[in-house]
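Inspection log for the structure reproduced underneath, given as structure tokens.
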Amino acid sequence: MPWAAAWVLLGLLTALSQAQESGDWHFDVLQLKNGKKIQGLILEETPTDIHFACILRNPGERTVVFFTTFQRDEIQDMVRLDASDRETLQARLRSLETGAREETRRMGQLELKAAPWVQPSNGPAWSYRSTSFILLSNASEDIVRRAAVRLEQMDQAYTRFLPPRHQGGHPTTILLVRSLAEYHALLRKEGRDLLNPAFFDAAHNRIVCGSDLQHLGDELEQARRQNQQALRDLNQEETELRRLYQGRPPATLANRLDQDRQKILQAEDNNQALFQAATRKLFQVLYHEAFHAYLANFVYPPAEDRVPLWLNEGLAQIFETAILEAGELRIGHPDKQRLTRLQTDFRKGESLSLDELLRAGSDKFVVAHASDRQVSDRYYLTSWALAFYLTFDRKLVGTPALDQYVHRLKSGADPRKAFEKLVGQPLPEFEKAFLERMKDEG
């Protein structure tokens, strides 16, 4: 095995041996003589070797599967799955393998319709209608199709996590604007001034979201074509050198060609990572705002209930980092960046009190100017932490107790007293347990 590949495999195995999240997934486990414990699926056994699918499931990250072979004399012990669990794991691996193909297939099947855009001067648009949303966008067809598929998937996840309580909800209109410049122009035309790249307009039941993903994709596609041409030029140069030196060009020239190729391939990898990060950011924003819309239309309509802003924003933040794969929703993991920032605030004594959060108005959550960012971030961060704690530690989300809580708030109950009734504790006692839990998390 080449040294580079060996080091990559060693790194993956080390990460795998340290992985902690498994949920209800069960694995074959290999205990190696070097002390590492590897989880995954035994694919094939011979008298001398074990062919193994190593499975890495880290909190907040997509599942990684890679294949390797262990010699039996490397293995100290093996714990095998029973037949039922083995069949379940095999099915999940097949689902992971087909997930990307299924998304592509579904994207191709969608029936998009040409539609007028909200600003005719910005060209035509695409429209897609589902039972819970109407997507309208002047972005490229590929982006619109991908957005429609993923929003449908997330909408199904919302209903499994927090089933509808209101049957009269209406589909939300989602305006996906192809550039941030056009997005801010649209906001100015409506008399709005926001730094946020998206917002849910409850009064008109619509989401407006802007992204430069299409522009970035166009730029990276141009860079990809240039890189491909550079690789062809290098191949042509190598062919000429081999002809000139009768198949054995000097090592210095051969090494220079290899280094140039590696630089181009690394640039391609970096560009792909950049595009994936931008794509992930776009869908995090869409998932966040779509949750607000789902909550208002199908769970707690404002005419009947009042969901406090901290809870609404906290739950939306949980969903924006959700992972959909192998037919399941993975949201029970604390976001690493948020958790680190929260714990830093704890250490500095700068964390927000729960009484402040419970009584916070909408002005604490809207970022209209850069100077609002720091205050807003503290409220969003504490909202995320409290919603996470209530959801996964206290398990109150989706319960009759939470239904009663939002009913009481709608009836004008004091925010602090209503919350104390929800959690069954005086606020100082609850806050102490909450802070201790979040300090220990991670």
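In terms of the working numbering, the sequence shown is residues 5 to 446. For every residue, glycine included, the Cβ atom is placed at its ideal position computed from N, Cα and C. Predicted model only: the values in this text are computed from it and were never measured.
DSSP assignment within the region 240-323 yields the following whole alpha helix (DSSP H) runs of 4 residues or more, N-terminal first: 255-298.
For L290, the closest C-alpha among the options S141, A307, Q75 is that of S141.
When secondary structure is reduced to three states using DSSP, W388 falls in the helix class. Contact annotation: A227 and N275 have beta-carbon atoms nearer than 8 Å. Straight across, the Cα-Cα distance linking D397 with P338 is about 12 Å.
Our two residues, E424 and F434, have alpha carbons roughly 8 Å apart in a direct line. In the structure shown, L60 adopts extended strand secondary structure according to DSSP, grouped into three states.
Ranked by Cα distance from F287, the options Y304, A118, I211 are led by I211. Per DSSP, R66 is not a residue of any beta strand (DSSP E), being assigned neither H nor E.
Looking at the DSSP output, M82 shares a beta bridge with L34.
Annotation: the continuous alpha helix (DSSP H) that includes T344 extends over 340-352. In the displayed model, E194 falls within coil according to three-state DSSP, outside both helix and strand.
Rounded to whole angstroms, the separation of the alpha carbons of Y384 and P120 is 36 Å. Exposure of K436 is indicated by the presence of fewer than 16 other C-beta atoms within 10 angstroms of its C-beta. Looking at the DSSP output, W130 shares a beta bridge with A118, S141. Annotated as proximal: E293 and C213, with beta-carbon spacing under 8 Å. Within the DSSP secondary-structure output, R210 pairs in a beta bridge with T177, D205. K399 and L315 have their C-alpha atoms roughly 14 Å apart.
Short of 8 Å from the beta carbon of H174, and not among the five residues preceding or following it, lie these beta carbons of its own chain, in chain order: N209, N301. In the DSSP assignment, I335 forms no beta bridge with any residue.
In its chain, beyond the 5 residues on either side, S183 have a beta carbon closer than 7 Å to the beta carbon of H219. By the 16-neighbour rule on beta-carbons within 10 angstroms, T50 is exposed. For the pair of segments examined, the region 74-92 was found not to touch the region 123-131: the number of CB pairs separated by less than 8 Å stays below three. By the neighbour-count criterion, in which 16 or more other beta carbons inside 10 Å mark a residue as buried, L155 falls on the buried side. Annotated three-state conformation of D381 is helix, per DSSP.
For G112, the secondary structure class from DSSP, reduced to helix, strand or coil, is helix. For G44, the number of other beta carbons within 10 angstroms of its own is at least 16, and it is reported as buried. By the criterion of a C-beta distance shorter than 8 Å, S366 is surrounded in its chain by L313, once the five residues flanking it on both sides are discounted.
Note on geometry: alpha-carbon atoms of T386 and R342 lie some 9 Å from one another.
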